[in-house]
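Visitor:
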Amino acid sequence: MNFDLTDEQDQLRDAVRALGRRYGHSYFVSKAKAGEHTTELWHEAGRLGYLGVNIPTEYGGGGGGITELALVCEELAAAGCPLLLLVVSPAIAATVIHKHGTEEQRKRHLPGLADGSQKIVFAITEPDAGSNFHRLGTVARRDGDDWLLTGRKVYISGVDEADHVLVVARTEDSATGKLKPALFIVPTDALGLEKSKLDMEILSPENQFLLYLDDVRLPADALVGESLDAGLPALFAGLNPERITVAAMGAGTGRYAIEKASDYTATRKVWGGRSIGSHQGVAHPLAHAAVQVELARLMIHKAATLYDAGRDLEAGVAGNMAKYAAGEAAALAVDTAVQALGGAGMTTEYGVATLLGAVRAGRIAPVSREMILNFVAQHVLGQDKSY
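The sequence shown begins at 920 in our numbering and counts up one residue at a time.
#1: Going by C-alpha distance, which of 1193, 1158, 1264, 1122 is nearest residue 1231?
#2: Can you round the beta-carbon distance between residue 964 and residue 1035 to whole angstroms, since I take them to be within the 8 Å contact cut?
#3: Could I get the ranges of all uninterrupted alpha helix (DSSP H) runs contained in the stretch 1135-1163, with 4 residues as the minimum, in chain order?
#4: Just to confirm my understanding: we take residue 950, look at its own chain, exclude 5 residues before and 5 after, and list those with CB closer than 8 Å. What are they?
#5: Using CA coordinates, which residue listed in 1067, 946, 1270 is at the minimum distance from residue 1091?
#6: What does residue 1065 pair with, by DSSP beta-bridge criteria?
#7: Applying the 10 Å Cβ sphere with the 16-neighbour rule, what's the burial state of residue 1162?
#8: Which runs of the alpha helix (DSSP H) at least 4 residues long sit entirely within the stretch 942-1003? Give them in chain order.
#9: Measure the CB-CB distance between residue 1040 and residue 985 and report whether it falls below 9 Å.
#10: So, under 8 Å CB-CB, residue 939 and residue 1000 are touching, yes? Tell me the CB distance rounded to an integer number of Å.
#11: Who does residue 1199 pair with in a DSSP beta bridge?
#12: If I follow the unbroken beta strand (DSSP E) through residue 1103, where does it start and stop?
#13: Among the candidates 1030, 1284, 1082, 992, whose CA atom is the shortest distance from the CA of residue 933?
#14: Starting from residue 1114, trace the beta strand (DSSP E) in both directions and tell me its first and last residue.
#15: Report the residue from 1173, 1081, 1098 whose alpha carbon sits nearest the alpha carbon of residue 1053.
#16: When the distance is taken between beta carbons, is residue 1086 closer than 9 Å to residue 1103?
#17: Could you tell me which of 1261, 1263, 1256, 1250 sits nearest to residue 1280, measuring between CA atoms?
#18: Just to confirm my understanding: we take residue 1222, look at its own chain, exclude 5 residues before and 5 after, and list those with CB closer than 8 Å. What are they?
#19: Helix, strand or coil for residue 1128, going by three-state DSSP, please let me know.
#20: What does residue 1305 pair with, by DSSP beta-bridge criteria?
#21: Closer than 7 Å by C-beta to residue 1038: which residues in its own chain qualify, once you throw out the five before and the five after it? Chain order, please.
#22: Cα separation between residue 1198 and residue 1181?
#23: Do the stretch 1190-1197 and the stretch 1011-1020 meet, that is, are 3 or more Cβ pairs less than 8 Å apart?
#24: Assuming residue 924 contacts residue 980 (C-beta within less than 8 Å), just tell me the rounded distance between them.
#25: Would you check if the stretch 1102-1118 and the stretch 1129-1136 touch, i.e. whether three or more CB-CB distances between them fall below 8 Å?
#26: How should residue 1285 be labelled, buried or exposed, when 16 other C-beta atoms within 10 angstroms of its C-beta is the threshold for buried?
#27: Is residue 1286 helix, strand or coil when you go by DSSP?
#28: Measure the beta-carbon distance from residue 1212 to residue 1170 and round it to whole angstroms, keeping in mind my assumption that it falls under 8 Å.
#29: State the CB to CB distance for the pair residue 1176 and residue 1252, rounded to an integer number of angstroms; the pair is presumed to be in contact (CB under 8 Å).
#30: Looking at residue 1010 and residue 1174, is the spacing between their C-beta atoms short of 9 Å?
#31: Specify, as a first and last residue, the run of the alpha helix (DSSP H) that residue 1248 falls within.
#32: Please report the residue range of the beta strand (DSSP E) in which residue 1027 lies.
#33: Whole-angstrom Cβ separation of residue 1264 and residue 1256, contact assumed at under 8 Å?
#34: Three-state secondary structure (DSSP) at residue 1120?
#35: Please classify residue 1304 as buried or exposed, where buried requires at least 16 other C-beta atoms within 10 Å of its C-beta.
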């Protein structure tokens, strides 16, 4: 069991950390409050090769795995710049297209995803079905050689920044008549696709949308893969990278909050000239939060290692556990940091309360903590399915 990063991974981590700190949390907040996107950071990260670290070299990427992408997600978040679209575009879309797309789809999309010039977002969640793909109402039907997509999607991140959206729909199996999942690469300017921005109580430069698909006509090659049989494995191919990179972003955010609070409490003096961090009532909660973040980081490393080794079933368990642990740890770390800073913790200047909404959302999305506990109870503990 090896807990050490390779020399290349160490260099990647240090370089991404330096990039993130050069922009910093004030950049992130200013963009979010202005209703703008972190375009400059995204393009520079792409130019330096950080967005495509998990994409094969033959398509312009770094040839690494989810371990490397998780490092990028964590270090940018630890610098106060948690970029949600890292999860959506390189982790989910690039993985799905690389593993299950056609060669033409790989050549068309992966180089742009690798250098950041292209973004593909992901649409699975629906108003009535949530993320339960067994109940998805978005349906794709044949019309000659084309496909027609009809349905609704909700909480879809970054549609206004993306060239395409990877839509999960259901098609009818001609042999059985049963509906089965299929993924389609849909241009965001396609006729019949409309988006409505959702007002969210989260400070983020990435927006959320409700999507309406009204007989969106797509060519045959918009279907991911060579046939409909690619649909189910393609869908699941993106879920483990999603959970691992979301967890990494949460762990990085937790590190950021603890660092900000620790710097403050080590220098803030109000009682007899001693720092407030010398009091156990202040230090112990921060230490507890630091332990929880570090435990989450260990599970993230395990999950990413299993995934990159091709051990998908084990990675699924570890990825869910990592996402649960990091979601809880990040929320604890930010809340503890706010409390340690007192009134200063609620100001924009000190940069911790600005993350409260995001870390709270991390306990809900992309899969809720309760559904993860259901998964662990069923698949690890052998309990009957509860839903």
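Don't be surprised by glycine CBs; every beta carbon is placed ideally from N, CA and C.
Guide: Quick look at the numbers:
#1: The shortest C-alpha to C-alpha distance from residue 1231 to any of 1193, 1158, 1264, 1122 is the one to 1158.
#2: The C-beta distance from residue 964 to residue 1035 rounds to 6 Å, short enough to meet the 8 Å contact threshold.
#3: Listed in chain order, the complete alpha helix (DSSP H) runs (minimum 4 residues) inside the stretch 1135-1163 are 1150-1156.
#4: Cβ neighbours of residue 950 within its own chain (closer than 8 Å, five residues either side excluded): 956, 957, 1124.
#5: In this structure, 1067 is the residue among 1067, 946, 1270 with its C-alpha nearest to the C-alpha of residue 1091.
#6: 1062.
#7: Buried, since its Cβ has 16 or more Cβ neighbours within 10 Å.
#8: Counting only runs that start and end inside the stretch 942-1003, the alpha helix (DSSP H) elements of at least 4 residues fall at 958-966, 985-997.
#9: Cβ distance not < 9 Å, so residue 1040 and residue 985 don't count as in contact.
#10: Contact holds; Cβ gap of about 5 Å.
#11: Bridge partners of residue 1199 according to DSSP: none are assigned.
#12: Looking at the DSSP string, the run of the beta strand (DSSP E) that includes residue 1103 is 1098-1106.
#13: Measuring from the Cα of residue 933, the nearest candidate turns out to be 992.
#14: Note, residue 1114: beta strand (DSSP E), 1112-1117.
#15: Comparing Cα positions, the closest option is 1098.
#16: Taking 9 Å as the Cβ cut-off, residue 1103 and residue 1086 qualify as a contacting pair.
#17: Ranking the options by Cα distance to residue 1280, first place goes to 1250.
#18: Result list for residue 1222: 1159, 1162, 1163, 1166, 1234, 1237, 1238, 1240, 1241, in chain order.
#19: Looking at residue 1128 - three-state DSSP - the assignment turns out to be strand.
#20: Per DSSP, none; premise fails for residue 1305.
#21: Excluding residues within five positions, the ones whose Cβ falls inside 7 Å are 1004, 1008, 1077, 1080, 1081, 1082.
#22: Going from the Cα of residue 1198 to the Cα of residue 1181 covers about 12 Å.
#23: Verdict: no, contact absent.
#24: Residue 924 to residue 980, Cβ: 19 Å. No contact.
#25: Pairwise C-beta distances place the stretch 1129-1136 in contact with the stretch 1102-1118, as three or more of them are shorter than 8 Å.
#26: Buried.
#27: DSSP places residue 1286 outside both helix and strand once states are collapsed to three, so it counts as coil.
#28: The beta carbons of residue 1212 and residue 1170 sit about 6 Å from each other, so the pair counts as a contact at 8 Å.
#29: A Cβ-Cβ separation of about 4 Å places residue 1176 in contact with residue 1252 under the 8 Å criterion.
#30: Not closer than 9 Å, so no.
#31: It spans 1231-1260 - the alpha helix (DSSP H) in which residue 1248 sits, taken as one unbroken run.
#32: It is not in any beta strand (DSSP E) - residue 1027 instead sits in the alpha helix (DSSP H) that spans 1022-1034.
#33: Under the criterion of beta carbons closer than 8 Å, residue 1264 and residue 1256 qualify as touching, at roughly 6 Å.
#34: DSSP places residue 1120 in the coil class of the three-state scheme, outside both helix and strand.
#35: Classification of residue 1304: exposed, given that the 10 Å Cβ count is below 16.
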